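Undergrad: Below: one structure in structure tokens.
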Amino acid sequence: MRNGVVVDIGGSGTRIGAVIDGRVVGVHGAEVATAEDLAGVIRAVDPSPSGVGVSVSGHVDADRGVIEASRAAAWAEGPMRSQLVDLLDAPVSVIGHGDAHALALTQLPDVEFGGIAISLGTTLSFGALNRHGALIHPCGHTGWDLGHWRLVVDGGTTEAWWGLGGHGLYDLEREHGDGAAEIYAHRVGSFVVDAVQLFRPRTVLLTGGIVVGLGEALHGPVAEQLHTLPHTIPAPRVVFSPSRDTALFGAAVAAGLAMPAVR
């Protein structure tokens with residue numbers, strides 16, 4: 001199996017790690033503001049990688065390796081893959097954050113497909129796999145963007161990227177103090193129910209910094225909301241990721257540096 005480097009560019013910064021024998025190791029943060037910076041930190045991990053996988057929060061055309069828009073890293077917008085290929089002389093994969101989280105599902109044993117991944121951090125990312133464990137893409141060029149999904153909150157509405165992202169959680173903490181986590185968890189559960197009704201997955205992966213931070217506070221409210229599903233829709237298994245670096249695992253799969261778990 002090839003060894004290489006994986007990178008995740010998100011709202012809270014850039015994370016990078018090596019992939020050795022299919023395992024992501026040595027993950028750390030990096031200061032990056034240009035493609036040249038990124039190539040430099042990749043070389044610092046591996047001077048001649050056999051492959052590089054990059055996950056980016058934003059609108060990504062994975063077929064062309066182009067980042068069309070990114071709230072998290074405007075500097076990365078443009079033909080990221082071709083730039084890195086020229087700078088590194090190595091094969092490069094560039095995928096969206098949501099797709100990377102979805103592909104991370106393939107690294108888990110005993111997961112039943114299809115599946116969806118919902119990443120909750122600075123913003124919201126979403127990815128989906130079909131019943132064979134392959135990525136599902138919408139009709140356009142880029143991956144799923146459910147950030148503009150309207151959530152009903154406090155008698156009004158807000159967009160999911162705000163209401164379920166770090167900004168929305170901060171607002172709840174400011175207004176409700178210790179009760180914020182429970183209110184937020186019910187928001188998440190309601191969003192999961194809507195997504196399950198649309199995609200009918202067998203497995204849901206909840207991941208991202210907020211999921212790690214809130215821990216078990218999410219479990220009960222999400223399970224409670226799933227009981228509201230229509231009887232015609234089976235409730236999926238919900239997996240809560242304990243890692244802040246889930247996207248790196250999916251980036252490794254996309255770059256051919258890690259293989260799906262044996263089933």
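Residue numbering for the sequence shown follows this note's numbering, beginning at 1 and increasing consecutively.
From the three backbone atoms N, C-alpha and C, an ideal C-beta is built for every residue, glycine too.
In this text, all values refer to a predicted model and were calculated from it rather than measured experimentally.
1. Once the 5 residues before and after threonine 158 are set aside, which same chain residues still bring their CB inside 6 angstroms of it?
2. Report the rounded CA-to-CA distance for aspartate 110 versus phenylalanine 249, giving the unit in angstroms.
3. If I measure Cβ to Cβ from proline 264 and keep anything under 8 angstroms in the same chain, skipping five residues before and after, which residues do I get?
4. I want to know whether the segment 56-73 touches the segment 121-131 - three or more CB-CB distances under 8 angstroms.
5. Looking at the unbroken beta strand (DSSP E) that takes in alanine 33, where does it start and where does it end?
6. Taking the CB atoms as reference points, tell me whether valine 193 and leucine 226 lie closer together than 8 angstroms.
7. In whole angstroms, what is the alpha-carbon distance linking leucine 172 and serine 12?
8. DSSP three-state label for histidine 59, please.
9. Strictly by DSSP, which residues pair up with arginine 15?
10. Which of the three DSSP states, helix, strand or coil, is assigned to glutamate 68?
11. With H, G and I counted as helix, E and B as strand and the rest as coil, what does DSSP make of alanine 254?
12. Under 6 angstroms Cβ to Cβ from valine 212, same chain only, skipping five residues before and after it: list those, please.
13. How would you call serine 190, buried or exposed, if buried means at least 16 neighbouring beta carbons within 10 angstroms?
14. In the structure shown, what three-state DSSP assignment does threonine 246 receive?
15. Specify, as a first and last residue, the run of the alpha helix (DSSP H) that glutamate 175 falls within.
16. Decide if the segment 61-79 is in contact with the segment 139-148; the criterion is three or more beta carbon pairs, one per stretch, under 8 angstroms apart.
17. Starting from the Cα of isoleucine 233, find the closest Cα among Pro242, Pro201, Thr207 and give me that residue.
18. Can you pull the DSSP bridge partners for isoleucine 136?
19. Helix, strand or coil for alanine 235, going by three-state DSSP, please let me know.
TA: Walking through what the data contain:
1. Leu151
2. 17 angstroms
3. Residue 264 cannot be examined here, being either before or after the span of the chain that is shown, 1 to 263.
4. yes
5. Alanine 33 -> no beta strand (DSSP E), and no H or E assigned at all.
6. yes
7. 20 angstroms
8. strand
9. Asp8, Gly29
10. strand
11. helix
12. Arg244
13. buried
14. helix
15. 166-176
16. yes
17. Pro201
18. DSSP lists no partner for isoleucine 136.
19. coil
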